[in-house]
Amino acid sequence: MAASDAREPLPQFPRDFVWGVSTSAHQIEGAVDERGPSVWDAFTAVPGRVKDGTTAAVACDHYHRYREDVALIRELGADAYRFSVSWPRVLPSGAGEVSAAGLDFYDRLVDELCAAGVSPVPTLFHWDTPLALADEGGWLRRDTAERFAEYAAVVAGRIGDRAKKWITLNEPAEHTLLGHALGQHAPGQQLMFDALPVAHHQLLAHGLAVRALRAAGVTDIGIANSHGPTWPASSSAEDTQAADFYDVLLNRLFADPLILGRYPDGIAELMQGGGDIEADLKVIAEPVDWYGINFYQPTKVGAPLPASATAAPTEFSGLTLPPELPFSPRQIEGRPVTDFGWPVVPESLTELLTGFRDRYGDRLPPLVITENGCSYEGIDDQRRIDYLDGHLRALHRALEEGVDVRGYFVWSLMDNFEWAEGYRQRFGLVHVDHTTLERTPKASYAWLRETLRAQRA
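According to the working numbering, the sequence shown is numbered sequentially starting from 2.
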C-alpha cells in the first residue's frame, strides 16, 4: 500500500474554503512574438543565464492551448485558477497604446474559466516587467509604480466584471533580491543593498494598484508575498542577529508596511527612492481584503562563515551567494529534500501562520496560501503527494489554532519554464513534454482530484 493510502483522510476544511491552482504568464504562455518584450526575454537571450540554455519562447504554449488547460482545471475540481496577466502583452511598451489582441486573450481565458465553473484569479505582476520600462530604469524609478497602476486599471476595465478576486504583485521580495540585488533573475542587476528602492517602488505600486482596482469596482484584492520561518543556526548572539536580519529582509520588509503601515526599524532610511516615504507608506498600507502567502520552506541562517571555512556555501537552493552578505544560509539536516534541494518541513507552515497571527494580531487580514508546491521528476510522483498531504495537514492545524486562512493554491498546475532553472525543475500536477507539449496528469493530480471530492462530500 502506498504511503498516502495508509494515512487517515485529510481533515475537513471549511465548506467555503477556496481550492485552487496557480501559474504565471511568462512561465506558460509562450507566443512571445505576439506581445511586447519583457526583461525576461532579454535576460534569457544572454548565454549562461538559464541553466539549461532554454527560453520561454514557447513554454507550454498556453496562449494557444488555454482551452485544454482550463479543461484540466475543471476535471481536477479546483474552485479557482490563479494566473498572471503579462504586462507587456497588454501594454507592449509598458504604457500608452493598449494591445487589443493582448486584452482579447485574457478576455477569452476568463470566459473559458467562467464557463467551466472556475473562478479566475488574475495576478497583475509576476516579474515580467516590459522591457521598454526596464530600459528607462524599471523598478528603480518611482514612476514605474504609477505606470503599473494605469496598467491595473486597463486590465480591470476589461475583465473586472467576471474576475472578482485579484492579486497585485507576486513575490516582490524575490524580484528585488534575485533580480536586482544578486543578478540571478531578470533584469540581472547586482546592486546588493542598493536594490532596496526596488522593494519600495513595488510596494508603492501595490498600493496605487489597490486604489485603481477599487476605482474600477473590484472588491476582493490581495497580494502574494513569499514567507517562511527563519531559524537561527545556533543560540549564539552572532547567529541570532544574522537570522533576525535575514528575517527582516525576506519577511518583515514586505509584510510590515502592508499590514502595519511602517517599515521595520532602520529600513526606511535605506530606501533612497525619492518622494516622501511616510506619505508613500499611507498608500502602501491601503487596506486589502486578504493577504496571500507563498510558502515553500523554512530557512536556517547563521553569521557569515570565515572565507577559509570549507563549509562556507557558495551555492544554496540553486543560488550563488556572494561572500559579503551579512548572513549565511545553512542546510537543514535530517529532512528529505525536493529535486530543487529545498527541505520538506510541513510543520513549519503551521509555525509561520501562527507566527503571523501572533505578530500582527487584529491588524492581520484573512490569509490565503497563494502558492505551495514542490519540484519532483516523474509522472508517478508519490513524493509530491506526500508533500501536499503533509502541508495540508499543517495548514489545517493552523486553522485549528485559530488562524483565519480562506484558501490554498497549489504551485503549479503544470510543469513550466522555471525561470533561471529553465525546464530542469518540474512543479506541475500535470506533466508537460516540452518537445511535443503533450499534457499528462500525474498521480498527484489524481490524488488532489479525489481529495477535493472528499472535501465536498
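All residues carry an ideal CB built from backbone N, CA and C; glycine is no exception. Owing to the predicted nature of the structure, the values given are computational and were not obtained by experimental measurement.
Next on the checklist: Under 8 Å: do the region 325-333 and the region 290-306 share three or more Cβ pairs, one atom per stretch?
Outcome noted: yes
Checklist entry - Using CA coordinates, which residue listed in Arg457, His432 and Ala421 is at the minimum distance from Thr45? => result Ala421
Next on the checklist: By the three-class DSSP mapping on this structure, what secondary structure does Glu408 have?
Outcome noted: The question names Glu, yet the displayed sequence has Gly at residue 408. Three-state result, Gly408: strand.
Item to check | Contact belief for Ser39 with Pro131 at Cβ below 8 Å, rounded distance in angstroms | outcome: 6 Å
Checklist entry - How is Ser120 classed by DSSP in three states: helix, strand or coil? => result strand
Checklist entry - Under a three-way DSSP split, which group does Glu372 fall into? => result strand
Item to check | Whole-Å CB distance - Asp363 paired with Ser445, under 8 Å assumed | outcome: The Cβ separation is near 37 Å, so there is no contact.
Next on the checklist: Tell me which residues share the same chain as Phe418 and place their Cβ nearer than 6 Å to its Cβ, disregarding the 5 neighbours each side in the sequence.
Outcome noted: Gln28, Ala57 and Ala60
Next on the checklist: For Pro188, which residues in the same chain have their Cβ closer than 8 Å to its Cβ, ignoring the five residues on either side in sequence?
Outcome noted: Val40, Ala43, Phe44, Thr130, Ala135, Gly139, Gly180 and His181
Checklist entry - Can you list, in chain order, the residues of its chain whose CB lies under 6 Å from that of Ala244, leaving out five sequence neighbours each side? => result Thr231, Pro233 and Val302
Item to check | Of the listed residues Asp390, Gly97 and Val119, nearest to Val155 (C-alpha basis) | outcome: Gly97
Checklist entry - Under the three-state reduction of DSSP, which class applies to Met415: helix, strand or coil? => result strand
Checklist entry - How many Å lie between Thr177 and Leu353 at the Cα? => result 22 Å
Checklist entry - Straight-line CA distance for Phe328 to Val71? => result 43 Å
Checklist entry - For Ile260, does the three-state DSSP call read helix, strand or coil? => result helix
Checklist entry - From Ser94, Pro198, Phe341 and Pro337, pick the residue whose C-alpha is nearest to that of Glu270; which is it? => result Pro198
Next on the checklist: Between Phe428 and Trp412, how many whole angstroms is the CB-CB distance? I'm expecting something under 8 Å.
Outcome noted: 6 Å
Item to check | Rounded separation between Glu175 and Ser85 - CA only | outcome: 16 Å
Checklist entry - Are the beta-carbon atoms belonging to Ile268 and Val249 less than 8 Å from one another? => result yes
Checklist entry - Per the contact definition of three or more C-beta pairs closer than 8 Å, is the region 117-125 in contact with the region 142-156? => result yes
Checklist entry - If you run the structure through DSSP and keep just helix, strand and coil, what is Thr145? => result helix
Next on the checklist: Quick check for students: name the residue ranges of the alpha helix (DSSP H) that lie wholly in the region 268-344, counting only runs of 4 or more.
Outcome noted: 278-285
Checklist entry - Considering only residues of the region 210-261, which uninterrupted alpha helix (DSSP H) runs meet the minimum length of 4 residues and lie entirely inside it, listed in chain order? => result 238-248 and 254-261
Next on the checklist: If you measure between the beta carbons of Arg163 and Pro121, is that distance less than 8 Å?
Outcome noted: yes
Next on the checklist: Is the separation between the beta-carbon of Arg212 and that of Glu137 shorter than 8 Å?
Outcome noted: no
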